[in-house]
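Asker: When the letters of the sequence shown are read in order and numbered with mature numbering (1 follows the signal peptide of the UniProt record, and there is no 0), they come out as residues -35 to -1, 1 to 228.
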Amino acid sequence: MHTEDAPHDRINASLLPSVFTAGALALGVASAAQAAPVKNIVLVHGAFVNGSGWKPVYEILRKDGYNVSIAEHPLTSFADDVTAVKRIVDQQDGPTILVGHSYGGAIITDVGNDAHVVGLVYIAAHALDQGETEAQNGKLYPNATNAVKKTADGFLSLDPAFYPSDFAADLPKAQAEFEAISQEPTAASVFTTPAGVPAWKTKPSWYAVAGADRIINPDLERMYARRANSHTIEIKGASHSVYQSRPQEVAALIEQAATHAAD
């Protein structure tokens, strides 16, 4: 015997297409939200310098609509530097891309475990594994400079006579010479402090190799990038100051990370 559907059943059935459509739209909105570009970027400088070197990259990122913070850590110990950068990261109001140059890479490898951080960008930087030190890796992949000097109280700097050629060969001479005499002495201990659990093992990373780097051997940079399975570019002819001399390429890599970190 045929039994006619009850009225409320017919009404519910008629609503199904709308329900499915609304559900699909909701899923689409959720997916779009998840894939939205990250807008917060924290830039972390390396040894011997301060945050002002990020200005060319900062200007591009700001123009393109990103919220940019520049860390000014003291270079007095690895623990001090991690604490200073984490303080900046903790102030971010949402997902954040963490960018490190040189020794700054060791810092972001640690701080990158913070829940705010969704992606890491290494610019000619150390991407250490647990237990490694920069000094040990530097012996495995020797650099091309003999300019490092040490003070009686355990701080390092670069001989100003060699800074332009070894650290900043592709910057204007006057700029490189000014940086050479305005260096930030860096505690030698930061280069011998073993790394903790690396954030690149659980978070996506991007890497820019500086092809003519004399401070970090480009082969060491390539090893770091390969081991971390980083999205990698190589900037041929670039010195260790690649973030200043080639800001367009560096900013483009950072923006790529911001766009795809949530993929």
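By construction, the Cβ of each residue, glycine as well, lies at the ideal position given by its N, Cα and C atoms.
Return yes when the Cβ of S210 is within less than 8 angstroms of the Cβ of R217, no when it is not.
Answerer: Inspection of the sequence shows that residue 217 is occupied by Ala rather than by Arg. No, these two residues do not count as a Cβ contact at 8 angstroms.
Asker: Distance check for E214 and D135, CA to CA, integer angstroms please.
Answerer: For D135 and E214, the distance between alpha carbons rounds to 15 angstroms.
Asker: To the nearest angstrom, report how far apart T158 and Y106 are at their CA atoms.
Answerer: Distance between the alpha carbons of T158 and Y106 is about 18 angstroms.
Asker: List the residues that DSSP assigns as beta-bridge partners of residue 230.
Answerer: With the chain covering only -35 through 228, there is no way to say anything about residue 230.
Asker: So for Y87, helix, strand or coil by DSSP?
Answerer: Strand.
Asker: Can you tell which of E220, Y172, Y31 has its C-alpha closest to the C-alpha of K4?
Answerer: Answer by Cα proximity: Y31.
Asker: Let me check understanding here. Comparing Cα to Cα, which of R179, L123, D184, V162 lies closest to Y172?
Answerer: The shortest C-alpha separation from Y172 is found at D184.
Asker: Measure the C-alpha to C-alpha separation of W165 and G119 and round it to an integer number of angstroms.
Answerer: Each residue's alpha carbon lies about 30 angstroms from the other.
Asker: Give me the Cα-Cα distance between V47 and P21, rounded to the nearest whole angstrom.
Answerer: So the two alpha carbons sit approximately 24 angstroms from each other.
Asker: Quick one: using the 10 Å Cβ neighbour count with 16 as the cut-off for buried, is R179 buried or exposed?
Answerer: With 16 or more Cβ atoms within 10 Å of its Cβ, R179 is classed as buried.
Asker: Have a look at G69, P60, L63 and flag the residue whose alpha-carbon is nearest the alpha-carbon of L40.
Answerer: The option with the nearest alpha carbon to L40 is G69.
Asker: Determine the DSSP secondary structure at F43, reduced to helix, strand or coil.
Answerer: In the structure shown, F43 sits in a helix (DSSP, three-state: H, G or I).
Asker: So what's K168 in DSSP terms, helix, strand or just coil?
Answerer: Note: K168 maps to coil in three-state DSSP.
Asker: V64 bridges to which residues according to DSSP?
Answerer: For V64, which the question treats as bridged, DSSP gives the partners L8, V86.
Asker: Output needed for E199: all residues of its chain with C-beta closer than 7 angstroms, excluding positions within five of it in sequence on either side, in chain order.
Answerer: Taken in chain order, the residues that qualify are V174, G176.
Asker: How many angstroms separate the CA atom of I6 from the CA atom of D29?
Answerer: One C-alpha to the other measures close to 12 angstroms.
Asker: With three or more C-beta pairs closer than 8 angstroms as the rule, is the segment 139 to 149 touching the segment 59 to 76?
Answerer: Flag = no, the segment 59 to 76 and the segment 139 to 149 do not touch.
Asker: Cβ of A227 within 8 angstroms of Cβ of A80?
Answerer: Not in contact: A227 and A80 (Cβ atoms no closer than 8 angstroms).
Asker: Out of curiosity, what's the CA-to-CA distance linking A109 and D131?
Answerer: Between A109 and D131, the C-alpha separation is close to 8 angstroms.
Asker: Under a three-way DSSP split, which group does H225 fall into?
Answerer: It is helical.
Asker: Can you tell me where the beta strand (DSSP E) with A115 in it begins and where it stops?
Answerer: Reading the sequence as shown, one finds Lys at residue 115 and not Ala. Residues 113 to 115.
Asker: So what's R110 in DSSP terms, helix, strand or just coil?
Answerer: Looking at the sequence provided, one finds Thr at residue 110 rather than Arg. Of the three classes helix, strand and coil, the one that applies to T110 here is coil, per DSSP.
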